[in-house]
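**Student:** After the structure tokens below, expect a handful of questions from me.
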Amino acid sequence: MPVTLPTSLVFIDRTVADYQTLINGVSSASTVVVLEPHLNGVEQITRALSSYTQIESIHIVSHGEPGCLLLGSTRLTSEAIAHYANQLQQWKAALADGAELVLYGCRVAAGAVGAKFIEQLTQVTGATIAASDRLVGHASLGGSWNLTYQPAVRAHRVRANAAPHLAFSSATREAYAAVLAVGIPNLVYGVVGNDIRVLNLTNGSSNSVGALAFPTFAIARESATGRIYYVENVDGVNGGRVAYWDPETNTNTPLTSANGGRTGVDTIFLKLAQSVTGLIYGLNATDTNLYTIDQITGAATVVGAITGGGFTAGSGDIAFDPNNPNRLFVSVVPGPGIFNLYTVDTNPTSPTFLEATFIGQPAGLTNVGAGSLAFGQDGELYVTSQVSGVDNLYRLNQTTAAPTLVGPTGFGFGDFGSLPTPTASVDISVTGGDGRSTVTPGSPITYTITVSSPSSTVDLRNINVNTLIPSEVTNVNWTATITGGGSFPTPADQSGSGNTFNTRVNLNTGASVVYTVTGIVSPNANIGNVLTATTTISVPTGINDPSIPNNVLTDTTTVATQSSTPPNSAPVSTTLTPGSVINVPPLSGTDPDGSIASFTILTLPPASQGTLFLGNPASGGTPVTLGQTLQPNQANQLFFQSTTGFTGVTFNYTTTDNSGASDATPATVTLSGRGSVSPPPPEEEEDDCKPGIRRRGNRSSNTLVGTPDEDTLIGFAGNDRLYGRACGDLLDGGLGQDILRGAGGNDTLRGKQGNDRLFGERGTDVLNGGLGNDRIDGGLGNDLILGGIGSDRMAGRDGNDRLDGGRGIDVMLGGRGNDAMDGGGDRDILRGDTGNDILNGRLGADSLIGGFGDDQLFGGVGNDRLVGRNGQDLLVGGAGRDRMFGDFGIDQLDGGRGGDVLNGGRTGDTLRGRQGNDLLIGGLGWDTLIGAIGRDTLRAGSGQDTLDGGYGADTLVGNFNADTITGGAGRDRFVYLAAKDRGDRITDFNRNSDRIDLSRLFRSSIYGRANKFAAYVRRSQVGADTIIRLDLNGDRAGGFRSFITLENVTANTITANNFIF
37 MPVTLPTSLV FIDRTVADYQ TLINGVSSAS TVVVLEPHLN GVEQITRALS
87 SYTQIESIHI VSHGEPGCLL LGSTRLTSEA IAHYANQLQQ WKAALADGAE
137 LVLYGCRVAA GAVGAKFIEQ LTQVTGATIA ASDRLVGHAS LGGSWNLTYQ
187 PAVRAHRVRA NAAPHLAFSS ATREAYAAVL AVGIPNLVYG VVGNDIRVLN
237 LTNGSSNSVG ALAFPTFAIA RESATGRIYY VENVDGVNGG RVAYWDPETN
287 TNTPLTSANG GRTGVDTIFL KLAQSVTGLI YGLNATDTNL YTIDQITGAA
337 TVVGAITGGG FTAGSGDIAF DPNNPNRLFV SVVPGPGIFN LYTVDTNPTS
387 PTFLEATFIG QPAGLTNVGA GSLAFGQDGE LYVTSQVSGV DNLYRLNQTT
437 AAPTLVGPTG FGFGDFGSLP TPTASVDISV TGGDGRSTVT PGSPITYTIT
487 VSSPSSTVDL RNINVNTLIP SEVTNVNWTA TITGGGSFPT PADQSGSGNT
537 FNTRVNLNTG ASVVYTVTGI VSPNANIGNV LTATTTISVP TGINDPSIPN
587 NVLTDTTTVA TQSSTPPNSA PVSTTLTPGS VINVPPLSGT DPDGSIASFT
637 ILTLPPASQG TLFLGNPASG GTPVTLGQTL QPNQANQLFF QSTTGFTGVT
687 FNYTTTDNSG ASDATPATVT LSGRGSVSPP PPEEEEDDCK PGIRRRGNRS
737 SNTLVGTPDE DTLIGFAGND RLYGRACGDL LDGGLGQDIL RGAGGNDTLR
787 GKQGNDRLFG ERGTDVLNGG LGNDRIDGGL GNDLILGGIG SDRMAGRDGN
837 DRLDGGRGID VMLGGRGNDA MDGGGDRDIL RGDTGNDILN GRLGADSLIG
887 GFGDDQLFGG VGNDRLVGRN GQDLLVGGAG RDRMFGDFGI DQLDGGRGGD
937 VLNGGRTGDT LRGRQGNDLL IGGLGWDTLI GAIGRDTLRA GSGQDTLDGG
987 YGADTLVGNF NADTITGGAG RDRFVYLAAK DRGDRITDFN RNSDRIDLSR
1037 LFRSSIYGRA NKFAAYVRRS QVGADTIIRL DLNGDRAGGF RSFITLENVT
1087 ANTITANNFI F
């Protein structure tokens, strides 16, 4: 039974700074739950609330962004609310009528996206919401504990005006010396008309980043949100509109008055700045009054006149000293040739309030174009001025006003704006490597790279991590894990493949992220070569990093002699049901001249599908980590625990022998969803379901209708119609062409003999067509559909369905949900539609089409056609001559055995031919093509692709854009079709066996000379590499251009024998 505690629950994310101080400050009447950073925060809250009813208030203390709560490992946003609707309904069930939901995350309610988020959360929980559109925390950092955000629309119970009951005492709030926000980059923004630009403070250049709603001469940046407030350059009563631009969303929001009307100010403000308190200050060019502008209504109010120091009216700009919130710098241009710099005291309790102090006149600067003033992230003061007709950026001495030229701006800026607070400082560092001094060709290699933020003062978004793994390492896969709080902006920032990856990560204070990179040293790597891997990290522009030298990691490893033939790894496959544990069949391999010494796990199954363990998890087994090495006696100790949403996974491993040689073509372990063994767990029936009728038809065509209870209807010999109605019914068509409808309840429908039509409708149904060419429709619910014998048409419709075609030429459609389909025998057509589906063709020449979602397609035995469509799909051809097309999404295509055709489609895909003479086509995007074993043809697409022929005499076609090409073992041919295909790097050109085929290129009539090598080819030595230059103008004058690079090749060893003309 739930425990009734009509008090409050306080959820505190462990990643917030000094969270222990907040825990200690919670009232004893409240229960505290700490959210773990590596777990889904929404799920943690839901589990905790399941033990309570009649809760009067829920307090959620976490980091925030506009329209977003950062909860554990997940982000609760407007888009995610629909995904978590069921769990948020459970929050509602735990709340008392009129309960409060207090959100402490910074800026959660900021802007239109914040207002939308608050409104949606109010609708789904029914709670009275308290939130803030500003920083939450200590005032010295621009924070406040005022959670009385008032949205523009109040159709629901969103708190307005009345203060919520906070979970922390005033003493705790005062002692908490942090804010619940991430660091905002301190960029200098400049405006030209309505074009908003970001300045480069090293040379004066700028980039356009957005457009304001109307032209302005005055902008100011708010420290709490990073917004740019601006005033329209129109004079007259209520003439100048006031608005703000949000750099996060690139949107403009005009301010409106209390009655919803248009706001405006009565004068043209030429000078605008915002203090750390959020007040917007302004000056015009006609008097010395200092104004404030209301952030809600846009109304301007006179604070008072600035006096002293010879202060006069005029154009110019203002900027708050980030190290002194009461010190306002003012540039004044009162007339031609005059440019003065002042400071003004804005502390209303100071005896020198609104008194100006003259700093000086910047020598050599003119009044022309002197309308912009701002502090940069380096704490220096910057100003613009036009000298000799050139608009320049200058750095001003804050004591003497002496200028130092930075560079020309190229624009006449109307105003500058930057944060009025000190620039956030984030100390990041990178460490790690592969931990080895030598490796052998063909051996596995694992790099562990750690990026940490040990002593930062704020959380930080968009740390850039750029890693380059040497080209001699193949089959590169990587995954990242955060410890201590943070997130990845996109799934592509958390895992991927390829030798170069440029990713971003959001790290909380004191957190770290570990990148685990696995690969295989190429069997063709030259002995003595040094493999150099580098990782460079950087913070966003506008954030200070005090330890730049710690931001580069360089790891070197030498390729040593391999003393034996590499072993071969064997593929493994099995099936299992969702929510179960199996012992994975043993990993194995063969070695021609030695013994197997170890197995290395190169990739892991997605966590959403399940977890791979070493040892049975029920008996203390531990999760396997990426790059983990297993001993031979552990090869049969792998276990896989599937989730309830399991549909199928693969992972890769390689073998290493007793001499240290490793298989360069990893094997795949395939764990498929078992869709035809047992029905899905039934949904609960209504409590009032009772045994119903048992009715049997005769030899005529009968219509049998059930009752609201659990009925058994048997059609017998005619063309019958059976209707189950409510509760769980058994419908048996018998002989004839029957129509069976389950209606409500968890029904079992059996077509038996004849060409039957079965409709499960609502509920978790089991539908079996039996003999005949049947049409089966699962309807709503998680259904099990069995085609039986015959050419059937099957549709799962809504729900996570399982479809088994059986024998016959079947057509199967999964519908909405995560479906599992098994074609069985013969030539079947399987379509996934929406959801993350798994399609298994089994026997026959099948067509498998994934549809929307991250699908897994397994062709099985036969010449199959596999199409991924949208999503990040996995396509495995199996045995046979298969044709595979990834289409949209970052896909993985595996040809298996047979001469296959693989086409990546429209994004950056990974294609592996495996065994057989395969054709691999890159398509659009930056693709990776690996031929593996056989006489393969690899064609690069329109992106910068990576091609690796593997074992065998391969043909590799470059295409346009700069590709990286490795021929691998065997006599390879590198083909170039046109002049636009230049720019490639060939990593392992063997002048004794490989050839560069230019015959198609030199067919043009512009190449008329007989000795084409002497006439049209040039070689240049650049370091260790050879640059091949071709005359792309043919017999016309000029035209020699760099065409391809041969790595580690001496130029004078390349002759005409290395080419095909």
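If you count the sequence shown from 1, position 803 lands on 839 in this note's numbering, and the numbers rise without skipping. Glycine is no exception: its CB is placed at the ideal position from the N, C-alpha and C atoms. As the structure is a prediction and not an experimental result, all values here were calculated from the model.
Given residue 321, which residues of its chain have a CB within under 7 Å of its CB, disregarding the five upstream and five downstream residues?
**Tutor:** Here the question's residue 321 lines up with position 285 in the sequence shown. Excluding positions up to five away in sequence, the list reads 306, 349, 350 and 351.
**Student:** Taking the C-alpha atoms as reference points, what is the distance between residue 653 and residue 675?
**Tutor:** On the sequence shown, residue 653 is found 617 positions in, with the first residue counted as 1. On the sequence shown, residue 675 is found 639 positions in, with the first residue counted as 1. Between residue 653 and residue 675, the C-alpha separation is close to 8 Å.
**Student:** Does the beta-carbon distance from residue 452 to residue 228 come in below 8 Å?
**Tutor:** In the sequence shown, the residue the question calls residue 452 occupies position 416. In the sequence shown, the residue the question calls residue 228 occupies position 192. No, the pair does not count as a contact, with Cβ atoms beyond the cut-off.
**Student:** Thinking C-beta only, is residue 317 closer than 8 Å to residue 354?
**Tutor:** As a working mapping, residue 354 is identified with position 318 in the sequence shown. As a working mapping, residue 317 is identified with position 281 in the sequence shown. Cβ atoms of residue 354 and residue 317: closer than 8 Å.
**Student:** Whose CA, out of 572, 1097, 137 and 566, lies closest to the CA of residue 596?
**Tutor:** In the sequence shown, residue 596 corresponds to position 560, counting from 1. Of the listed residues, the one whose Cα sits closest to residue 596 is 566.
**Student:** Counting Cβ pairs, one atom from each stretch, are 3 or more of them under 8 Å apart for the stretch 477-484 and the stretch 689-698?
**Tutor:** Short answer: they touch.
**Student:** I'd like to confirm the pairing. Which residues does DSSP put opposite residue 533 in its beta bridges?
**Tutor:** By one-based count along the sequence shown, residue 533 stands at place 497. In the DSSP output, where bridge partners are listed per residue, residue 533 has 513.
**Student:** Under a Cβ-count criterion, where at least 16 other Cβ atoms within 10 Å of its own Cβ denotes burial, should residue 1039 be classed as buried or exposed?
**Tutor:** Position 1003 of the sequence shown, counting from 1, holds the residue named residue 1039. Residue 1039 is exposed by the Cβ-count criterion.
**Student:** Should residue 563 go down as buried or exposed, given a rule of 16 or more other Cβ atoms within 10 Å for buried?
**Tutor:** Residue numbering aside, residue 563 sits at position 527 when the sequence shown is read from its first letter. Residue 563 is exposed by the Cβ-count criterion.
**Student:** Quick check on residue 150: does DSSP put it in helix, strand or coil?
**Tutor:** In the sequence shown, the residue the question calls residue 150 occupies position 114. Residue state, collapsed to three classes: helix.
**Student:** By DSSP, does residue 662 sit in helix, in strand, or in coil?
**Tutor:** The residue you call residue 662 lines up with position 626 of the sequence shown. Here residue 662 sits in coil by DSSP.
**Student:** So the beta strand (DSSP E) residue 551 belongs to, where does it begin and stop?
**Tutor:** The sequence position of residue 551 within the sequence shown is 515, counting from 1. Counting along the chain, the beta strand (DSSP E) containing residue 551 begins and ends at 548-557.
**Student:** For residue 72, collect the residues of the same chain with a Cβ closer than 8 Å to its Cβ; drop the 5 residues on either side in sequence, then sort them by chain order.
**Tutor:** Here residue 72 is taken as the residue at index 36 of the sequence shown, counted from 1. So the list reads 50, 80 and 108, once near-sequence residues are dropped.
**Student:** My parser needs the alpha helix (DSSP H) runs of 4 or more residues fully inside the stretch 343-383; what are they?
**Tutor:** As far as the stretch 343-383 is concerned, it has no whole alpha helix (DSSP H) run of at least 4 residues.
**Student:** Report yes if the C-beta distance between residue 687 and residue 705 is below 8 Å; otherwise report no.
**Tutor:** Against the sequence shown, residue 687 aligns to sequence position 651. Against the sequence shown, residue 705 aligns to sequence position 669. Closer than 8 Å, so yes.
**Student:** Check each candidate in 536, 951, 955 and 993 and name the one with the smallest Cα separation from residue 920.
**Tutor:** Indexing the sequence shown from 1 puts residue 920 at position 884. Out of 536, 951, 955 and 993, 955 has the C-alpha closest to the C-alpha of residue 920.
**Student:** According to the Cβ coordinates, are residue 439 and residue 309 closer than 8 Å?
**Tutor:** The residue labelled residue 439 in the question sits at position 403 within the sequence shown. The residue labelled residue 309 in the question sits at position 273 within the sequence shown. Not in contact: residue 439 and residue 309 (Cβ atoms no closer than 8 Å).
**Student:** Which stretch, first to last residue, makes up the alpha helix (DSSP H) that contains residue 119?
**Tutor:** Reading the sequence shown from its first residue, position 83 is the one you call residue 119. Its alpha helix (DSSP H) spans residues 114-119.
**Student:** Name the DSSP bridge partner or partners of residue 104?
**Tutor:** For this step, residue 104 is matched to residue 68 along the sequence shown. According to DSSP, residue 104 bridges with 101 and 113.
**Student:** So is residue 258 buried or exposed if we call it buried at 16+ other beta carbons inside 10 Å?
**Tutor:** On the sequence shown, residue 258 is found 222 positions in, with the first residue counted as 1. Its Cβ being crowded by 16 or more others within 10 Å, residue 258 is buried.
**Student:** Since residue 829 is in the beta strand (DSSP E), which residue starts that stretch and which ends it?
**Tutor:** In the sequence shown, the residue the question calls residue 829 occupies position 793. From DSSP, the beta strand (DSSP E) with residue 829 extends over 829-831.
**Student:** My output table needs one value for residue 57: the three-state DSSP class, helix, strand or coil.
**Tutor:** Taking the sequence shown and counting its residues from 1, the one referred to as residue 57 is at position 21. It is helical.
**Student:** Is the CB-CB distance between residue 944 and residue 929 below 8 Å?
**Tutor:** For the purposes of this step, residue 944 is taken as the residue at position 908 of the sequence shown. For the purposes of this step, residue 929 is taken as the residue at position 893 of the sequence shown. It is not a contact, given that the beta carbons lie outside the stated cut-off.
**Student:** In this structure, does DSSP put residue 141 in helix, strand or coil?
**Tutor:** Sequence index remark: in the sequence shown, residue 141 carries index 105 (1-based). In the structure shown, residue 141 sits in coil (DSSP, three-state: anything other than H, G, I, E or B).
**Student:** Taking just the CA atoms, how far does residue 175 sit from residue 183?
**Tutor:** Taking the sequence shown and counting its residues from 1, the one referred to as residue 183 is at position 147. Taking the sequence shown and counting its residues from 1, the one referred to as residue 175 is at position 139. Answer to the nearest angstrom: the Cα atoms are 14 Å apart.
**Student:** Near residue 19, what residues of its chain come up, given a Cβ to Cβ distance below 6 Å and the 5 sequence neighbours on each side ignored?
**Tutor:** Outside the shown range of the chain, which is 37 to 1097, sits residue 19, and nothing can be said about it.
**Student:** Helix, strand or coil: how does DSSP classify residue 128 here?
**Tutor:** Looking up residue 128 in the sequence shown gives position 92. Reduced to three states, the DSSP call for residue 128 is helix.
**Student:** Step through the CB atoms of chain B and report whether any lies within less than 8 Å of the CB of residue 765.
**Tutor:** Absence of chain B from the displayed structure is noted, only one protein chain being present.
**Student:** Taking DSSP as the reference, what is the three-state secondary structure of residue 157?
**Tutor:** Position 121 of the sequence shown, counted from the start, is the residue given in the question as residue 157. In the structure shown, residue 157 sits in a helix (DSSP, three-state: H, G or I).
**Student:** With C-beta atoms as the reference, is residue 132 less than 8 Å away from residue 94?
**Tutor:** As a first step, residue 132 must be located in the sequence shown, where it is residue number 96. As a first step, residue 94 must be located in the sequence shown, where it is residue number 58. Not in contact: residue 132 and residue 94 (Cβ atoms no closer than 8 Å).
**Student:** Check the C-beta distance from residue 1027 over to residue 973 and give it rounded, since I have them as a contact under 8 Å.
**Tutor:** Residue numbering aside, residue 1027 sits at position 991 when the sequence shown is read from its first letter. Residue numbering aside, residue 973 sits at position 937 when the sequence shown is read from its first letter. Their Cβ separation, rounded to whole angstroms, is 22 Å, which puts residue 1027 and residue 973 out of contact at 8 Å.
**Student:** Would the stretch 873-883 count as touching the stretch 846-856 if we require 3 or more Cβ pairs under 8 Å?
**Tutor:** Touching, per the Cβ criterion.
**Student:** If we count Cβ pairs, one from each stretch, closer than 8 Å, do we get three or more for the stretch 1004-1011 versus the stretch 1051-1071?
**Tutor:** Output reads no: the stretch 1051-1071 does not touch the stretch 1004-1011.
**Student:** Tell me whether residue 988 is buried or exposed, calling it buried when 16 or more other Cβ atoms sit within 10 Å of its Cβ.
**Tutor:** What you label residue 988 is simply residue 952 of the sequence shown in a count that begins at 1. So residue 988 counts as buried.
**Student:** Would you say residue 847 and residue 821 are within 8 Å of each other, going by their C-beta atoms?
**Tutor:** By one-based count along the sequence shown, residue 847 stands at place 811. By one-based count along the sequence shown, residue 821 stands at place 785. It is not a contact, given that the beta carbons lie outside the stated cut-off.
**Student:** Give me, in chain order, the residues of the same chain whose beta-carbon lies closer than 6 Å to that of residue 530; leave out the 5 immediate sequence neighbours on both sides.
**Tutor:** Start at 1 with the first residue of the sequence shown, and residue 530 comes out as number 494. If we look at residue 530 and ignore the five residues flanking it on each side, its Cβ neighbours are 516 and 524.
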